[in-house]
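Peer 1:
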Amino acid sequence: MAPDTVSLRYFLVLAQELNFTRAAARIGIAQPALSARMRRLEAELGTALLVRNTRSVVLTTAGAALAESAPPALAALDRAWDTARRAAAGELGTLRIGYSLSTGAETAPALVDRLIRDNSGLEVGAVPMATPEISPAVADGRIDAGITRGEQPGRGVRRFLLRRERVGIQLAQHHPLAEHPEIEIADAAAYPLRLPDRAANPVIHDQLSALFRDTRPHPRFHTPAVSVDMSQSHLRDGVTLAPAGEAAVTAQPAGLTWRPLRGAPSLTIHLVLPLEPSPLHRRIRAIANTLAHELHWLPD
Numbered sequence: 001m002a003p004d005t006v007s008l009r010y011f012l013v014l015a016q017e018l019n020f021t022r023a024a025a026r027i028g029i030a031q032p033a034l035s036a037r038m039r040r041l042e043a044e045l046g047t048a049l050l051v052r053n054t055r056s057v058v059l060t061t062a063g064a065a066l067a068e069s070a071p072p073a074l075a076a077l078d079r080a081w082d083t084a085r086r087a088a089a090g091e092l093g094t095l096r097i098g099y100s101l102s103t104g105a106e107t108a109p110a111l112v113d114r115l116i117r118d119n120s121g122l123e124v125g126a127v128p129m130a131t132p133e134i135s136p137a138v139a140d141g142r143i144d145a146g147i148t149r150g151e152q153p154g155r156g157v158r159r160f161l162l163r164r165e166r167v168g169i170q171l172a173q174h175h176p177l178a179e180h181p182e183i184e185i186a187d188a189a190a191y192p193l194r195l196p197d198r199a200a201n202p203v204i205h206d207q208l209s210a211l212f213r214d215t216r217p218h219p220r221f222h223t224p225a226v227s228v229d230m231s232q233s234h235l236r237d238g239v240t241l242a243p244a245g246e247a248a249v250t251a252q253p254a255g256l257t258w259r260p261l262r263g264a265p266s267l268t269i270h271l272v273l274p275l276e277p278s279p280l281h282r283r284i285r286a287i288a289n290t291l292a293h294e295l296h297w298l299p300d
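Residue numbers (the UniProt record's numbering): 1 to 300.
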């Protein structure tokens, strides 16, 4: 049976001091207690480690060998304990995050960057996913966490508000409405409005279209054949508008701009985690919550 590590650490102090009084004072225990520890350690090993006399302590051959070999062994053991503690705290492992494309401009990259910087032992992988697929993927364990715009439906998950952002209009810089610091909902409704495909994102499609429910005449909604167009070519005609959250500003293609819609409710972005959280999930939530307040994504 291996000796207990406390006695072994005490022995290493004694091996340095070669004096029971000084070693006991350095450790912070009574000298008789240290002597008893050393006798028990020798009994466990079945050999003498020390030659004692009234004035000094001398290491035996076995004692000198133990004093040389024990420190790296204890250091390795300390690393093993630290690894176990970090794993239990959610600081180690592989983290798979799925995010909707609409959160990929700013929100998802900011969270992924913070997770990597705060957890050197955590390997983070993030992949864009169709919004309706994210919650089911979290629920069945294909991914560890998700970031979605809007409170997407799905069982077996919990959703935490990560961000609120103003709703506005993305439009060409030469569009007549671009001259206004804010755009009235009724004024925007007079132009063709590009919305995300409802099949791909029913929550956001319905939330954005509801902004114009009471306008007369009803606006002309259309969904382009290409669901993801990084250049936003459909807006360059100087006529078409695209309702969008404020985060669109951070990935604004040249020639386009963004203006807030006056009186429009905010859009929400949610962190999606499993119903039964692990230490890793709890750590993700804590870091996300800290980041959200640091970047003023949420009110204090």
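In this text, a Cβ means the ideal position worked out from N, Cα and C, and glycines have one as well.
Assuming A62 contacts L49 under a Cβ cut-off of 8 angstroms, what Cβ separation, rounded to an integer in Å, is found between them?
Peer 2: The Cβ separation is near 6 angstroms, so the contact holds.
Peer 1: Would the stretch 281 to 292 and the stretch 207 to 217 be scored as touching if the rule is three or more Cβ pairs under 8 angstroms?
Peer 2: No, because fewer than three Cβ pairs between the stretch 281 to 292 and the stretch 207 to 217 fall closer than 8 angstroms, the two stretches do not touch.
Peer 1: Rank P219, L14 and F221 by C-alpha distance to the C-alpha of S56 and give the top, closest one.
Peer 2: Ranking P219, L14 and F221 by Cα distance to S56 puts L14 first.
Peer 1: Curious, which full-length beta strand (DSSP E) runs of at least 3 residues does the stretch 55 to 125 contain?
Peer 2: Whole beta strand (DSSP E) segments, 3+ residues: 57 to 59 and 93 to 100.
Peer 1: In terms of alpha-carbon separation, which member of V112, P196 and L256 lies closest to A126?
Peer 2: Of the listed residues, the one whose Cα sits closest to A126 is V112.
Peer 1: For F20, report the span of its alpha helix (DSSP H) as first-last.
Peer 2: F20 to I27 is the extent of the alpha helix (DSSP H) around F20.
Peer 1: Write down every uninterrupted run of the alpha helix (DSSP H) in the stretch 206 to 258 whose length is 4 residues or greater and which is fully enclosed by it, in chain order.
Peer 2: Here no run is fully enclosed.
Peer 1: Between which two residues does the beta strand (DSSP E) containing A172 stretch?
Peer 2: Run containing A172: V167 to A172, per the beta strand (DSSP E) assignment.
Peer 1: Where do the N-terminal and C-terminal ends of the beta strand (DSSP E) with P136 fall, by residue?
Peer 2: Taken as a continuous stretch (DSSP letters only), P136 belongs to no beta strand (DSSP E), being part of the alpha helix (DSSP H) at T131 to A139.
Peer 1: Our contact map puts L66 next to F11 with C-beta atoms below 8 angstroms; I'd like the distance itself, whole angstroms only.
Peer 2: About 7 angstroms; that satisfies the 8 angstroms criterion.
Peer 1: Are at least three pairs of beta-carbons, each pair with one atom in the stretch 244 to 256 and one in the stretch 92 to 112, less than 8 angstroms apart?
Peer 2: In short, these stretches touch, since the Cβ pair count reaches three.
Peer 1: Considering only residues of the same chain and omitting the five flanking positions on each side of S35, which have a CB-CB separation below 7 angstroms?
Peer 2: Closer than 7 angstroms at the Cβ level, and outside the excluded window around S35, lie F20.
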